[in-house]
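The structure appears below as structure tokens.
Residue numbers (the numbering used here): 2 to 374.
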């Protein structure tokens, strides 16, 4: 046997033993990047991942049938990235579900392709936090705008009063650490950048696949909450984001967001709050549609809202089947959930004289308090 062969065998043995030891010391993390024709963003994103200090992670590009050469580009320039390529666009929800079934990891990091990680030790901090508390299902990043990193994009999600939807906490605010000491606890994580405990993800069946894209992160967060899991925010997990870099604002995005919000309400609200939520959602849909038609002269936006309701009526049987399972298995009541969804501290900087808030106060008054008493 040659010296070269002996050396290779020794190296392989050391490498194998090192990997085994590493897995025993550090939980395995898989970073998963969802991509659809996002080649122009990938270099910046992957170069920032390469700087991560955590010792035991791998990286996957999940490609939803891109036609811009994304996978070829990654194979050539980032050979350490594993590629899961689909022959059709499964969207965010089903795309992630299919990919996560193929891997073995203790934790999953969901990452948009139009992001850049700004710190190197964030993953060490996240794993340290989750290992200390097994009830943590997800951790939100501090997302800032790529165009101006001093401005917050999101530190997690919170409900908008009167069941009008959810919003990113801190959106558009200057980052002066106002949500960092102590770290706030958001109701939901943002799927653009989040760490998820694999066991909790699998237990709940992952994302709700009919949602396709948008709001699937809030829906899963809501279901985590119903099972009494925690969602945290880690300020030093800082990431820059090209807002709407891969999906521009417009009627299609509005349709998906509102459609998916309504489905989540129908599935996840308990009997105590369901009638309030449905009534308020439908009334605001009518008001907003009239505003788009008569004031803003935007008929496509009005149709997007109307279509979101029609889709849910058509799919009501499937939604009800999901609802039965969710409500059967929930561990905490709406009285415990809703104060976290509408955490008053996070609304102290909201513009309270907006049209939506004025209409809400006029029509519904302070309805959430009725549910907390």
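We treat Cβ as the ideally placed atom computed from N, Cα and C, and that holds for glycine.
CA-to-CA distance, residue j to residue i, given in whole angstroms
i	j	result
residue 256	residue 305	5 Å
residue 311	residue 252	15 Å
residue 181	residue 119	17 Å
residue 109	residue 295	46 Å
residue 337	residue 174	29 Å
residue 184	residue 241	19 Å
residue 229	residue 199	16 Å
residue 162	residue 279	13 Å
residue 352	residue 167	With a pLDDT of 41 at residue 352, under the threshold of 50, the modelled position of that residue is not reliable, and the figure given next carries that caveat. Cα to Cα, the separation comes out at about 15 Å.
residue 99	residue 284	37 Å
residue 326	residue 335	16 Å
residue 140	residue 47	21 Å
residue 220	residue 77	37 Å
residue 115	residue 74	16 Å
residue 189	residue 159	7 Å
residue 238	residue 271	33 Å
residue 222	residue 276	21 Å
residue 265	residue 164	11 Å
residue 329	residue 132	29 Å
residue 376	residue 297	Absent from the model: residue 376. The displayed extent of the chain is 2 to 374, so no value can be given.
residue 42	residue 215	20 Å
residue 81	residue 45	15 Å
residue 339	residue 79	44 Å
DSSP state of residue i mapped onto helix, strand, coil
i	result
residue 306	helix
residue 185	coil
residue 142	strand
residue 276	helix
residue 330	helix
residue 67	coil
residue 59	strand
residue 318	helix
residue 168	strand
residue 111	strand
residue 178	coil
residue 30	strand
residue 241	strand
residue 151	strand
residue 271	coil
residue 205	coil
residue 84	strand
residue 92	helix
residue 295	helix
residue 250	coil
residue 233	strand
Whole-angstrom C-beta distance between residue j and residue i, which should lie under 8 Å
i	j	result
residue 1	residue 170	Here the chain has residues from 2 to 374 only, and residue 1 is not among them.
residue 194	residue 313	Contact flag wrong, Cβ pair sits at about 29 Å.
residue 122	residue 30	About 13 Å separates the two Cβ atoms, so there is no contact after all.
residue 128	residue 28	6 Å
residue 207	residue 101	6 Å
residue 227	residue 269	7 Å
residue 205	residue 224	5 Å
residue 309	residue 259	4 Å
residue 146	residue 244	6 Å
residue 72	residue 83	At roughly 11 Å, the Cβ-Cβ gap does not stay under 8 Å, so residue 72 and residue 83 are not in contact.
residue 218	residue 192	3 Å
residue 186	residue 153	At roughly 16 Å, the Cβ-Cβ gap does not stay under 8 Å, so residue 186 and residue 153 are not in contact.
Contacts around residue i, its chain only, beta-carbon distance under 7 Å, and the 5 residues preceding and following it disregarded
i	result
residue 50	32, 60, 118
residue 289	306
residue 324	267, 268
residue 91	65, 99
residue 88	66
residue 201	138, 225, 230
residue 341	188, 226
residue 302	252, 255, 293
residue 263	282, 309, 310, 313
8 Å Cβ shell around residue i - same chain, five flanking residues per side excluded
i	result
residue 70	40
residue 235	123, 126, 127, 130, 140, 141, 142, 143, 184
residue 319	211
residue 178	236
Nonlocal neighbours in the same chain, by C-beta distance under 6 Å from residue i, ignoring five residues either side
i	result
residue 52	121
residue 299	293
residue 212	94, 261
residue 315	none
residue 150	241
residue 55	124, 125
residue 331	227
Query raised in the report: Between the stretch 60-75 and the stretch 33-47, are three or more C-beta pairs nearer than 8 Å?
Result: In short, these stretches touch, since the Cβ pair count reaches three.
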